[in-house]
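Chains C and L, in that order, are what the protein sequence lines are. Each residue of the first sequence is one higher than the one before, starting from 1 at the first, in full-length UniProt numbering. Each residue of the second sequence is one higher than the one before, starting from 1 at the first, in full-length UniProt numbering. Every residue, glycine too, gets a C-beta built ideally from N, C-alpha and C. Computed from a prediction, not measured in an experiment: that's the story for all the values here.
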Amino acid sequence: MEGKFEAVLHDDYYKDIELCWFSCGLIADKKEAAQIIKKLAISHPMSNYLHLKRVKQFNDELHVLIKRVEDNEDSMLFIEGITQIYTIQVPLKKPLTRKQFIESQKFWNCHFFEDKKLEKYVAGLMFTSEEIERHKCYMKLAQDEATKIMSPAGGLIVDPEQDIILARGYTNTKWHPLQHAVMKCIDEVARLQGGGAWNEPAAVNRTSDDKRRISVDIDGTAVEQESGAPVEKRSKIESYLCTKYDLYTTHEPCIMCSMALVHSRIGRVFYIHPDPFAGGIGSRVKIHCRTNINHHFEVFRMHDFDKKDLYNE
Amino acid sequence: MEEKWMSEALKMAEVAVESREVPVGCVIVNNQEQKILARGCNEVNATLNATRHAEMIAIDKLMELCRSNGGTKLEELTPKCTLYVTVEPCIMCTYGLRLVKLTRVFFGCHNERFGGCGSMMNAHDMELGGPAGVPALLPPLLVTSGIMKEIAIELLQEFYKGENPNAPEEKMKRKRRHEN
Ligand SMILES: [Zn+2]
Ligand SMILES: [Zn+2]
Numbered sequence: 001m002e003g004k005f006e007a008v009l010h011d012d013y014y015k016d017i018e019l020c021w022f023s024c025g026l027i028a029d030k031k032e033a034a035q036i037i038k039k040l041a042i043s044h045p046m047s048n049y050l051h052l053k054r055v056k057q058f059n060d061e062l063h064v065l066i067k068r069v070e071d072n073e074d075s076m077l078f079i080e081g082i083t084q085i086y087t088i089q090v091p092l093k094k095p096l097t098r099k100q101f102i103e104s105q106k107f108w109n110c111h112f113f114e115d116k117k118l119e120k121y122v123a124g125l126m127f128t129s130e131e132i133e134r135h136k137c138y139m140k141l142a143q144d145e146a147t148k149i150m151s152p153a154g155g156l157i158v159d160p161e162q163d164i165i166l167a168r169g170y171t172n173t174k175w176h177p178l179q180h181a182v183m184k185c186i187d188e189v190a191r192l193q194g195g196g197a198w199n200e201p202a203a204v205n206r207t208s209d210d211k212r213r214i215s216v217d218i219d220g221t222a223v224e225q226e227s228g229a230p231v232e233k234r235s236k237i238e239s240y241l242c243t244k245y246d247l248y249t250t251h252e253p254c255i256m257c258s259m260a261l262v263h264s265r266i267g268r269v270f271y272i273h274p275d276p277f278a279g280g281i282g283s284r285v286k287i288h289c290r291t292n293i294n295h296h297f298e299v300f301r302m303h304d305f306d307k308k309d310l311y312n313e
Numbered sequence: 001m002e003e004k005w006m007s008e009a010l011k012m013a014e015v016a017v018e019s020r021e022v023p024v025g026c027v028i029v030n031n032q033e034q035k036i037l038a039r040g041c042n043e044v045n046a047t048l049n050a051t052r053h054a055e056m057i058a059i060d061k062l063m064e065l066c067r068s069n070g071g072t073k074l075e076e077l078t079p080k081c082t083l084y085v086t087v088e089p090c091i092m093c094t095y096g097l098r099l100v101k102l103t104r105v106f107f108g109c110h111n112e113r114f115g116g117c118g119s120m121m122n123a124h125d126m127e128l129g130g131p132a133g134v135p136a137l138l139p140p141l142l143v144t145s146g147i148m149k150e151i152a153i154e155l156l157q158e159f160y161k162g163e164n165p166n167a168p169e170e171k172m173k174r175k176r177r178h179e180n
């Protein structure tokens, strides 16, 4: 079954449009339209509603917005040159996506500048088919990580530029309540860069030659190879925390792990299963979308990529 | 009493300064015995791991203590303990504290950039239900702020003053690593 990618974006991009009431009227004499609009711009500026066009032509009549009408407000208005004043619902906010724009236009004409990249993300069409295959392969390896000790979750940190796996981790809360897959992967990257804090229990200790290169076969299966490049040395010099790296995790990171990814400057995050109770990048909160946070990263949820699909290749 | 333990946390923040880490320190105190069980300060630079905040270090120390005591479970010990930390725990640490079932926190100054106990997010008491039908899995944190905050702020200001904003790229990177 072909899976789908969903870009986990700020709620604003997916919201239905909101409406508000405006008083509106007809321009009695079209020849005076320019002058009336000029006067209105001074007496009733639209500074908070710049997305709305002031005038709309309808049935050969010119309708002009006058001002926003709050609830319960008596909207008796007398403006020279404007007749038949009525109230109308118009879009409250600037449309961000084409979908919102089309919806907005049904109520009133709006200004809209299409963001081509955003449209692809909203539609879930941001990856090429080769990229999709690669993401699937890495996610499969993250799932392998989880099954190693029957852990609830597994993760993988990858340098997408070099196509190299840098860290693997699985949730091991039986050993330590904060050893979530993500926290372990972050620490593994630190160790690769000459730092690190956690020593794993001896039984599952890993050596540096676990860093492998992955390539994708023509038929889409993952092939792991011993990495030729001296990964450790290169990483030490070039990388800073997890900057530009990708995380593949079977489960949505919890709030702790999500914030750890902000601290670690991760590049992108891919996950399959949402966490409706404590998910930090989609389900409960969207930490990566908060405007007041100093680092933002892209998040993608992979739909219909359950274990069966990935293992039945 | 709070001031006594916060002074201990501030001592840890000074340890951090000596190793050029962001000056944040903490102690975990056993309520009944009134004894410090674990200490921690920022170790982000030393470990090249941006998640090694004072609270995480102290939790690890507590975990070690449990292991060496054989049999003691961390989740049984933590509800009987109080955390004193010089700066409001960040969102990551706040949720981490809830995961280990610590329930009582005193902190000094607020953390306007990352604070999880009200400044940026209410991670300390947002309701976290369990799977269908199961009551909340994680108890909320009871938080008191402002204990000796002037000293905590002074330490931070002193630290950031020492940073040279005109440093070349490499140094700037190191500086950013300091962010808590
Ligand atoms: Zn987590
Ligand atoms: Zn923290």
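- Put simply, the CB of V105/L is far from chain C, with every gap to its CB atoms at 8 Å or more.
- In the three-state scheme derived from DSSP, where H, G and I count as helix and E and B as strand, G96/L is classed as helix.
- Annotation note: the stretch 48-93 of chain C contains the following uninterrupted beta strand (DSSP E) runs of length 3 or greater, listed N- to C-terminal: 55-58, 61-68 and 82-91.
- With fewer than 16 other beta carbons inside 10 angstroms of its own, E3/L counts as exposed.
- Judged by beta-carbon spacing, G155/C lies beyond the 8 Å limit of N49/L, meaning their Cβ atoms are not closer than that value.
- In this structure the stretch 38-45 of chain C touches the stretch 62-70 of chain C; the number of beta carbon pairs closer than 8 Å is three or more.
- For the stretch 283-303 of chain C, residues whose beta-carbon sits nearer than 9 Å to a beta-carbon of chain L comprise R284, V285, I287, R290, N292, I293 and N294.
- Here DSSP, grouped into helix, strand and coil, assigns N31/L to coil.
- When secondary structure is reduced to three states using DSSP, W21/C falls in the strand class.
- Separation of C90/L and H110/L (C-alpha to C-alpha, rounded to the nearest whole angstrom) is 10 Å.
- Going by C-alpha positions, G25/L is about 50 Å away from R98/C.
- The beta carbon of E75/L falls within 8 Å of a beta carbon belonging to chain C, placing the residue at that interface.
- Taking a beta-carbon distance threshold of 8 Å, E43/L counts as an interface residue toward chain C.
- Counting of Cβ neighbours within 10 angstroms places G40/L among the buried residues, the total reaching 16 or more.
- By the Cβ test, the stretch 176-188 of chain C is not in contact with the stretch 270-289 of chain C, since fewer than three Cβ pairs between them sit closer than 8 Å.
- Boundaries around C66/L are those of the alpha helix (DSSP H), A54 to S68, since no beta strand (DSSP E) includes it.
- Not one heavy atom of ligand 1 lies closer than 7 Å to the C-beta of M126/L.
- Contact of N122/L with chain C is not assigned, every C-beta pair being separated by 8 Å or more.
- If you compare the alpha carbons of I165/C, K53/C, R168/C and E80/C with that of K94/C, the shortest gap goes to K53/C.
- A Cβ-Cβ distance of about 20 Å is found for the pair M302/C and F277/C, leaving them out of contact under the 8 Å criterion.
- Within a 10 Å sphere around the beta-carbon of S258/C sit 16 or more other beta-carbons, which makes this residue buried.
- When secondary structure is reduced to three states using DSSP, N45/L falls in the helix class.
- Around the beta carbon of S23/C, 16 or more other beta carbons lie within 10 angstroms, which makes this residue buried.
- Contacts with chain C (Cβ-Cβ distance below 7 Å) from the stretch 86-111 of chain L involve C90, I91, M92, Y95, G96, L99 and V100, listed in chain order.
- About 5 Å separates the CB atoms of S283/C and D275/C; that is less than 8 Å, so the two are in contact.
- Contact fails between the stretch 127-138 of chain C and the stretch 106-115 of chain C, because fewer than three Cβ pairs, one in each stretch, are under 8 Å apart.
- Between L26/C and E61/C the beta-carbon gap is near 5 Å, inside 8 Å, which marks them as a contact.
- For T47/L, a Cβ of chain C is located within less than 8 Å of the residue's own Cβ.
- Note that the stretch 114-122 of chain L does not touch the stretch 146-154 of chain L; fewer than 3 beta-carbon pairs, one per stretch, sit closer than 8 Å.
- Set against 7 Å, the gap from the CB of M256/C to the closest heavy atom of ligand 2 is not smaller.
- Contact between L142/L and R104/L holds, since their C-beta atoms are separated by about 5 Å, short of 8 Å.
- For K73/L, the closest alpha carbon among the candidates T250/C, T173/C, D304/C and D246/C is that of T173/C.
- Apart from sequence neighbours up to five positions away, the residues of its chain that approach F305/C with a beta-carbon distance below 7 Å are G3, K136, M139 and I272, ordered along the chain.
- For G195/C, the chain L residues whose Cβ falls inside 8 Å of its Cβ are A46, T47, L48 and N49, in order along the chain.
- In this structure, V87/L is the residue among T94/L, V87/L, G96/L and L137/L with its C-alpha nearest to the C-alpha of P23/L.
- A residue is called buried once 16 or more other Cβ atoms fall within 10 Å of its Cβ, and A190/C is buried on that count.
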